[in-house]
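Per numbering that gives the first Met the number 0, the sequence shown runs over residues 0 to 182.
All residues carry an ideal CB built from backbone N, CA and C; glycine is no exception.
What you are looking at is a predicted structure, and each value in this text was computed from that prediction instead of being measured.
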Amino acid sequence: MNYSVDTLISDLKEEFDNVEFSFEEKRYQGRLPCFFISVESEEELARIWMKVSDIIAVNYQSRMKNEFSIWNLYLFFIVSETISNDLKYQIENDTFSSRKIVIDEKANLTKIVDEHILNSDIKIDDGIINNINFIPSSIIFNHVADIEVKSRLTDAVKKAHSQIIKKIKEESNEIKENRNISI
């Protein structure tokens, strides 16, 4: 049986009266199927999100052949109002079948995908990188220079750690005392 995206969208619209559905397939190292589900309120979102996710998983995702696309199916829930962090967290951390993203503002669908999947809104500065020479701390070096670590946490490491903290605290107090004297 051939169940197209158009048929699925039509069935979803019939099932959920006050909800808008659309679909776009983006290309980024493979095909990224993206469903956009627009609702008016947090209550509506809380009521429908899981059922919509299940319907898409059963009727669309289960018929997919491309492994990359199966693992990169996105559901964007767009809500007209600000929603609680609890509901947003619950939806976005549900790992069944798809990646779910909740957006509580109307936005251009391309912009949503660009920001949340392609990260095209991130600007990378190609400026000159200044190399800063590393200056070791004698406090730390003096306490760890002779330690031979053979496992994760030895008594020698614990002792060196304690000595480093003690020395830093002592020097910190000396700095504070010197500041108080000069005032």
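Under 8 angstroms between C-beta atoms of residue i and residue j
i, j, result
"Val38", "Val18", "yes"
"Ile100", "Trp48", "no"
"Glu14", "Leu86", "no"
Residue i, DSSP secondary structure in three states
i, result
"Leu72", "coil"
"Ser97", "coil"
"Ile36", "strand"
"Ser9", "helix"
"Ile163", "helix"
"Val18", "coil"
"Lys25", "strand"
"Ile259", "Here the chain comprises residues numbered 0 to 182, so residue 259 is not present and cannot be evaluated."
"Ile77", "strand"
Beta-carbon contacts of residue i that lie in its chain and below 6 angstroms, excluding the five residues immediately before and after
i, result
"Asp103", "Val78, Thr81, Ile82"
"Tyr59", "Leu7"
"Glu24", "Arg30, Pro32"
Nearest residue (CA-CA) to residue i, options the options
i, options, result
"Phe20", "Tyr27, Lys12, Asp93", "Lys12"
"Tyr27", "Ser96, Phe67, Ile163, Thr94", "Phe67"
"Val51", "Met63, Ser137, Arg62, Phe76", "Phe76"
"Glu43", "Asp16, Arg62, Phe22", "Asp16"
"Ala56", "Phe34, Gln89, Lys168", "Phe34"
"Tyr73", "Arg62, Lys64, Thr94", "Thr94"
"Asn71", "Glu14, Phe22, Phe133, Arg98", "Arg98"
"Asp53", "Ala159, Ser96, Ile36", "Ser96"
"Ser136", "Asn129, Tyr88, Lys166", "Lys166"
Nonlocal neighbours in the same chain, by C-beta distance under 8 angstroms from residue i, ignoring five residues either side
i, result
"Ile69", "Gln60, Met63"
"Asn65", "Gly29, Arg30"
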